[in-house]
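Chain order of the listed sequences is A and B. This note's numbering applies: residue 16 is where the first sequence begins, and numbers increase by one. This note's numbering applies: residue 16 is where the second sequence begins, and numbers increase by one. Note that beta-carbon positions come from the ideal geometry of N, C-alpha and C, so glycine has one too. Since we're looking at a predicted model, the values are computed, not measured. Written out below as structure tokens is the structure these notes cover.
Number of protein chains: 2
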Amino acid sequence: MIEEDPVAEREEARVAGPADQGVTGVPVELARARVTIDNIDAALIHILAERFRCTQRVGHIKARLNLPPADPAREARQVERLRALAVSSGLDPDFAEKFLGFMVREVIRHHEDIKAEYDGGASL
Amino acid sequence: MIEEDPVAEREEARVAGPADQGVTGVPVELARARVTIDNIDAALIHILAERFRCTQRVGHIKARLNLPPADPAREARQVERLRALAVSSGLDPDFAEKFLGFMVREVIRHHEDIKAEYDGGASL
Numbered sequence: 016m017i018e019e020d021p022v023a024e025r026e027e028a029r030v031a032g033p034a035d036q037g038v039t040g041v042p043v044e045l046a047r048a049r050v051t052i053d054n055i056d057a058a059l060i061h062i063l064a065e066r067f068r069c070t071q072r073v074g075h076i077k078a079r080l081n082l083p084p085a086d087p088a089r090e091a092r093q094v095e096r097l098r099a100l101a102v103s104s105g106l107d108p109d110f111a112e113k114f115l116g117f118m119v120r121e122v123i124r125h126h127e128d129i130k131a132e133y134d135g136g137a138s139l
Numbered sequence: 016m017i018e019e020d021p022v023a024e025r026e027e028a029r030v031a032g033p034a035d036q037g038v039t040g041v042p043v044e045l046a047r048a049r050v051t052i053d054n055i056d057a058a059l060i061h062i063l064a065e066r067f068r069c070t071q072r073v074g075h076i077k078a079r080l081n082l083p084p085a086d087p088a089r090e091a092r093q094v095e096r097l098r099a100l101a102v103s104s105g106l107d108p109d110f111a112e113k114f115l116g117f118m119v120r121e122v123i124r125h126h127e128d129i130k131a132e133y134d135g136g137a138s139l
């Protein structure tokens with residue numbers, strides 16, 4: 016039986032990211048980078064949760080004011096702004112645009128669901 | 016000519032989000048929600064920029080250590096963790112999983128590019 020190295024084991028445990036707890040055999044420099052990625056991902060999930068709380072509110076406002084779920088002019092302004100923010104922060108602007116599209120598709124789906132609820136309610 | 020209402024105009028300007036500067040005719044409660052969305056989006060872009068800085072570093076580590084660009088076991092752990100974080104923060108866990116997949120596809124593409132650079136360099 017091969018003796019395990021308790022120092023290396025402790026070092027691995029110390030640098031294991033939140034998603035890699037108990038996982039062994041990851042090179043230390045890779046494990047260190049993954050700690051950062053896991054922390055960043057937790058931040059992203061929580062910020063996305065808050066964004067959808069806000070867009071749900073927007074869905075209700077739009078349904079109540081009878082505004083369409085999608086707003087292409089607003090979306091075009093968002094694309095332009097996010098591409099500029101991406102360039103200034105070192106992110107690929109094409110990825111930023113795809114990311115906005117990814118979120119907006121989900122949001123519009125929610126808005127349509129909310130509008131359908133309102134329309135259904137009005138016909139009762 | 017219809018007189019514009021300077022008070023309503025000032026109120027509109029005051030609540031216009033970063034992506035909606037100079038845009039008029041947006042109901043005030045919608046404009047207020049959009050300020051939050053625009054602030055959240057700027058945060059998301061900057062955090063994503065930092066995540067890709069980190070995954071670029073991972074790409075170089077993997078290429079140097081001759082590790083494969085994709086790591087399905089790690090990805091499965093990330094999915095499980097992010098779904099749990101989504102539930103606890105009120106985000107749709109299916110959306111969280113799709114979001115991770117969206118980022119990971121981009122990251123793997125970058126890792127493959129980095130690996131190709133290293134492989135090309137080695138053959139010189």
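Minimum Cβ-Cβ distance from residue i to chain B less than 7 angstroms
{"i": "Ala48 of chain A", "result": "yes"}
{"i": "Ala85 of chain A", "result": "no"}
{"i": "Gln93 of chain A", "result": "yes"}
{"i": "Thr51 of chain A", "result": "yes"}
{"i": "Glu90 of chain A", "result": "no"}
{"i": "His61 of chain A", "result": "yes"}
{"i": "Arg96 of chain A", "result": "yes"}
{"i": "Arg124 of chain A", "result": "no"}
{"i": "Arg79 of chain A", "result": "no"}
{"i": "Ala99 of chain A", "result": "no"}
{"i": "Ala31 of chain A", "result": "no"}
Per-residue DSSP class, three states only, for residue i
{"i": "Gln36 of chain B", "result": "coil"}
{"i": "Met16 of chain A", "result": "For Met16 of chain A, the pLDDT reaches just 45, beneath the cut-off of 50, and the residue's location in the model is therefore unreliable, although a value from the coordinates is still provided. Correct three-state label for Met16 of chain A: coil."}
{"i": "Pro151 of chain B", "result": "Because chain B is modelled from 16 through 139, residue 151 of chain B falls outside the range shown and cannot be assessed."}
{"i": "Val119 of chain A", "result": "helix"}
{"i": "Asp134 of chain B", "result": "helix"}
{"i": "Ala31 of chain A", "result": "coil"}
{"i": "Asp128 of chain A", "result": "helix"}
{"i": "Leu97 of chain B", "result": "helix"}
{"i": "Asp107 of chain B", "result": "coil"}
Residue i at chain A interface by Cβ criterion, 7 angstroms
{"i": "Gly105 of chain B", "result": "yes"}
{"i": "Glu127 of chain B", "result": "no"}
{"i": "Ala111 of chain B", "result": "yes"}
{"i": "Glu121 of chain B", "result": "yes"}
{"i": "Arg72 of chain B", "result": "yes"}
{"i": "Glu132 of chain B", "result": "no"}
{"i": "Pro42 of chain B", "result": "yes"}
CA nearest to the CA of residue i, picked from the options
{"i": "Lys113 of chain B", "options": "B:Glu95, B:Val73, B:Leu59, B:Arg124", "result": "B:Glu95"}
{"i": "Gly105 of chain B", "options": "A:Cys69, A:Ile123, A:Ala34", "result": "A:Cys69"}
{"i": "Arg72 of chain A", "options": "A:Ala88, A:Asp56, A:His126", "result": "A:His126"}
{"i": "Arg47 of chain A", "options": "A:Ala31, A:Asp134, A:Phe110, A:Pro84", "result": "A:Ala31"}
{"i": "His75 of chain B", "options": "A:Ala88, A:Glu90, A:Leu45", "result": "A:Leu45"}
{"i": "Val43 of chain B", "options": "A:Phe67, A:Asp56, A:Asp53, A:Lys77", "result": "A:Lys77"}
Delimiting residues of the alpha helix (DSSP H) encompassing residue i
{"i": "Gly74 of chain B", "result": "43-80"}
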